[in-house]
Every structure is written in structure tokens, then in C-alpha cells.
Amino acid sequence: MKNLQTVRLKPNPTGKDLTRRGVATAAQLGAEWVDIKNVGRTPVDLTGVTLYHIAYAGATDSGKWEKIMTFTGALGLGKIIRVHAGNGPLNVLRPIDHQGADFHLFTKRNSYVWNNVRSDCAALWQAGKTQPFDKACYSPNPPEGVILIRSGDRLVVPAGSLLAGVRR
Ligand SMILES: [Ca+2]
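Counting from 26, one number per residue, gives the positions in the sequence shown under this note's numbering.
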């Protein structure tokens, strides 16, 4: 077991209208992200740790785990890695997508990762194991622009954030 957890996730960034034309900008893709934190008291060795989510093949299948990326190196205590969709670079992202993380990584794929109309789960897997050591899921249709926060084994809409979303 590693002291590494998914603590925040923004699955449904604002600005979907622009992407309906078919091309998401680097800033739009990078606004979809997940934060992974060292919640323990010692540095965590990231060797062999892989982030997965659930991909669906159609409207009715039950989905299967799909690899997003594998990490290397070590993560200091209290430090947060943010994994953004897309290729970056970091300097095109909006401030809210920079803030609150120590390291920024990109999936290097030109597509969004996290499901909107279906439920999804962030899972952290150690290579060679049959079960993830951390798993956190959210309900379908997360509100646009909202950063879900960890609560038990769920990622949930924080109290008060819907109003804040309307003001934006
Ligand atoms: Ca999404």
C-alpha cells in the first residue's frame, strides 16, 4: 500500500461549446485534470505506479480500466502531481489550472480523458498487482467547471461550488 491518493479531479472543464466544432485547444484540454497527492509522512517511490480510468465502448457496456500514464521518480511528502489532458504547454493554461499543484504532467494525447455522461473512477495501480491501491469514483454528469474533491472513496461536488460555478 502506498500513501498516494487521488484528491481532486476536474472532469468537465468549461467551454464545451467551443469543442463541439471538433477541436479542443491546449488550454481547454489542460483544464481537465486530476490531482494525486502524497498523503503520507515519507517520500513515495512512484516506480511502476500507473493511473487508470474507466473507458466505455458503448452506451450499455460496463466499462473497463484504461491506462492513462505511468509515473517515475519520487514524490515528497505533501506534494501533488497534476495530470492534465493534452500536450500543454503549462503556460497556456488558465491560473486555476496551474494553482494548487507542485508538478504538472500531460497525457500527451489530443483528447479528453474523464467521462462526463458516464461515471468514472481514478485508480492508482502498482505494477504486478491485481487490485489498485487507491480508487475514487464520481457520479455521471459532473457539473461543468467544478473541481470534485475526495470524500471517502468518492470524488464529490464540494458544498457551495455550484453557486460559484454560476457566477463564473
Ligand atoms: Ca471530461
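All C-beta atoms in this analysis are idealised placements derived from N, C-alpha and C, irrespective of residue type, glycine included.
- Around ligand 1, the residues whose beta-carbon falls short of 6 Å from at least one of its heavy atoms are Pro36, Asn37, Glu57, Tyr137, Trp139 and Asn141, given in chain order.
- Cβ contact annotation for Ala80 (same chain, cutoff 7 Å, sequence separation greater than five): Gly88, Lys89 and Glu91, in chain order.
- DSSP, reduced to helix, strand and coil, places Val181 within a strand of the structure shown.
- Under the three-state reduction of DSSP, Val69 is assigned to strand.
- Scanning Ile93, Ser136, Ile174 and Pro114 for the CA closest to the CA of Trp150 turns up Ile93.
- According to DSSP, residue pairing for Arg107 in a beta bridge involves Asp60 and His129.
- For Val64, same chain residues with a beta-carbon under 6 Å away, outside a window of 5 residues either side, are Asn28 and Gln30 in chain order.
- Cβ-Cβ distances below 7 Å link His129 to Arg107, His109 and Leu115 in the same chain, with the five nearest sequence neighbours on each side left out; the list follows chain order.
- Gln53 is positioned such that its CB atom lies closer than 7 Å to that of Gly40.
- In this structure Asn135 touches Gly111 by the C-beta definition: roughly 7 Å separates them, less than 8 Å.
- Leu34 sits in a strand when the DSSP states are folded into three classes.
- Per DSSP, Ile172 lies in no beta strand (DSSP E) and is assigned neither H nor E.
- Annotation: Ala52 is outside any beta strand (DSSP E); the continuous alpha helix (DSSP H) that includes it extends over Ala51 to Gly55.
- C-alpha of Ala82 to C-alpha of Arg143: approximately 11 Å in a straight line.
- Closest in alpha carbon position to Lys133, among Trp58, His123 and Gln156, is Trp58.
- Boundaries of the beta strand (DSSP E) around Asp159: Asp159 to Tyr163.
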